[in-house]
Amino acid sequence: MARLESGRRIILSRDVLRADYLPESLPHRWEHIRRMGEVLAPCLIGGRPSNLFIYGKTGTGKTAVAKHVLKRFSAEASRRDVRARFVYVNCRIAGTEYRVLAEICASLDVRIPFTGLSKAEVFSRMRNGLNRLWGMLVICLDEVDVLVKSFGDGLLYELTRSNDQGSSGHVAIIGISNDLMFKEQLDPRVLSSLSEEELVFHPYTANELADILRERASMSLSEGSYDESVIRLCAALAAAEHGDARRALDLLRVAAEVAEREGAERIEERHVRAAQGLIERGRVYEALSSLPLHSRIVLLAVLVASKGGGNGIATSGAIYSTYKALCVEAGVEPLTDRRVSTLISELDMLGVVSCDLVSFGRHGRTRRIRLAINSDEVMSVFERDELLSSLASKMLKNAPQN
Ligand SMILES: Nc1ncnc2c1ncn2[C@@H]1O[C@H](COP(=O)(O)OP(=O)(O)OP(=O)(O)O)[C@@H](O)[C@H]1O
Ligand SMILES: [Mg+2]
């Protein structure tokens, strides 16, 4: 019966392959889980744990480990009837100091309106909540660097100080960051109190990634739909970048989707390669979508110029005149030659165009520029932009085809 359909389902549970899925077991992180448990242990016997600072590159399991440990401690605290609470806040998602504080307050059963109170007022309500708790509040601030970059370290300072204020509730802070330079942005007092203990998450090796993938695959993909070589390839590709488990899981998930869409019986190496291309393109797409207006117009100028003969290569002079014509067409004031030249260098750095300098002997030098990515990719970004897409279709119609 199952054979009636051509191609069978490869993915049995999409959720398990998603990045926010929290697996029961975290291979190769037992040592980190144990260390974190050691640091937090005092809160189960009425003591105050040290603050803990966790850092490591993206996709090394910091969030997964922290959530896992908090979940276990919170279950254990209620089992033992200990007055301890645990709150996890993702600072990037919360977005502002106010929202971070509001989430902390919510864990103390203190309601904070969506906006409107002063920070001092929210703090004082939080302190009252702490007093009523008469115990330990463990606050995990994930992606805390994002908060500090936008708002400074004032909130961290207040939180680390709140133990000195003679209340009957205490806080311990777990800060998590994937930005290793972040420590330098902290006031020395904040840094020394936040990093009473430190835990570093190293990138995974290819073998470790393969173990992680194997477990996830066995829970989410149908039996016989993949084999060891597919797991190995995803692990190796992710390890070659920087041992990022999220990247490895993305590769496997997208490869499975590609295979399924194709009606294939099983995931093969070529599906993984295709997945790699798709993920890469997704990144380029994101970079291009967030370009400012003039950079987009410059990029369109490169695209138009590259369609106009000359093997897709155009001089900076030709690009500048195309750019100016596009600006006139769009009704925007063109930037100077020099500014445009800077924008071209930025696009070069993004890997969207590539430039080289050529010399014309006594006549000086000029830059030659060509598109470094597929023009369809550029067009797919412009399609979402009304101004650019109408400009593009007009200009490309007029450009001579080669
Ligand atoms: N040891 C592991 N075992 C199983 N899955 C893991 C392990 N480490 C990471 N993962 C999975 O990899 C993905 C990324 O991990 P996680 O979100 O914890 O990374 P992170 O270190 O917090 O990264 P970032 O700095 O970008 O926030 C998640 O889906 C997570 O479940
Ligand atoms: Mg994380």
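Sequential numbering from 16 applies to the sequence shown in my numbering. Cβ coordinates follow ideal geometry from the N, Cα and C atoms, glycine included.
Ligand 1 heavy atom lying under 8 Å from the CB of residue i
{"i": "residue 276", "result": "no"}
{"i": "residue 264", "result": "yes"}
{"i": "residue 260", "result": "yes"}
{"i": "residue 41", "result": "yes"}
{"i": "residue 30", "result": "no"}
{"i": "residue 213", "result": "no"}
{"i": "residue 351", "result": "no"}
{"i": "residue 34", "result": "yes"}
CA-to-CA distance, residue j to residue i, given in whole angstroms
{"i": "residue 52", "j": "residue 367", "result": "46 Å"}
{"i": "residue 74", "j": "residue 127", "result": "33 Å"}
{"i": "residue 64", "j": "residue 82", "result": "17 Å"}
{"i": "residue 67", "j": "residue 204", "result": "14 Å"}
{"i": "residue 224", "j": "residue 242", "result": "15 Å"}
{"i": "residue 39", "j": "residue 266", "result": "21 Å"}
{"i": "residue 159", "j": "residue 119", "result": "14 Å"}
{"i": "residue 77", "j": "residue 169", "result": "24 Å"}
{"i": "residue 238", "j": "residue 282", "result": "11 Å"}
{"i": "residue 256", "j": "residue 202", "result": "32 Å"}
{"i": "residue 382", "j": "residue 350", "result": "18 Å"}
{"i": "residue 250", "j": "residue 100", "result": "37 Å"}
{"i": "residue 166", "j": "residue 200", "result": "11 Å"}
{"i": "residue 124", "j": "residue 189", "result": "20 Å"}
{"i": "residue 103", "j": "residue 211", "result": "19 Å"}
{"i": "residue 392", "j": "residue 180", "result": "57 Å"}
{"i": "residue 315", "j": "residue 371", "result": "19 Å"}
{"i": "residue 229", "j": "residue 279", "result": "20 Å"}
{"i": "residue 312", "j": "residue 359", "result": "11 Å"}
{"i": "residue 142", "j": "residue 85", "result": "22 Å"}
{"i": "residue 263", "j": "residue 147", "result": "45 Å"}
{"i": "residue 395", "j": "residue 296", "result": "11 Å"}
{"i": "residue 346", "j": "residue 30", "result": "47 Å"}
Exposed unless 16 or more other CB atoms sit within 10 angstroms - verdict on residue i
{"i": "residue 174", "result": "buried"}
{"i": "residue 24", "result": "exposed"}
{"i": "residue 214", "result": "buried"}
{"i": "residue 408", "result": "exposed"}
{"i": "residue 185", "result": "buried"}
{"i": "residue 417", "result": "At residue 417, the pLDDT of 45 sits below 50, so the modelled position is not reliable; the number obtained from the coordinates is stated separately. Counting Cβ neighbours within 10 Å, residue 417 comes out exposed, since fewer than 16 surround it."}
{"i": "residue 71", "result": "buried"}
Stretch-stretch touch, CB-based, cutoff 8 Å, three pairs: the segment 40-60 with the segment 269-287:
Look at the beta carbons and you see the segment 40-60 not touching the segment 269-287: under three pairs across the two are nearer than 8 Å.
For the segment 326-338 against the segment 349-358, are there 3 or more C-beta pairs whose distance is under 8 Å?
A contact exists between the segment 326-338 and the segment 349-358.
Please write down, chain order preserved, every residue whose beta carbon lies under 6 Å from a heavy atom of ligand 2.
Having a Cβ closer than 6 Å to some heavy atom of ligand 2 are 77, 78, 157.
Counting Cβ pairs, one atom from each stretch, are 3 or more of them under 8 Å apart for the segment 99-111 and the segment 161-176?
Taking one beta carbon from each stretch, the segment 99-111 and the segment 161-176 have 3 or more pairs nearer than 8 Å; the two touch.
Below 8 Å, how does it come out for the segment 285-293 and the segment 303-319: are there three or more Cβ pairs, yes or no?
Contact between the segment 285-293 and the segment 303-319 is absent: fewer than three C-beta pairs spanning the two stretches fall below 8 Å.
Okay, do the segment 31-50 and the segment 191-203 touch, 3+ Cβ pairs below 8 Å being the bar?
Flag = no, the segment 31-50 and the segment 191-203 do not touch.
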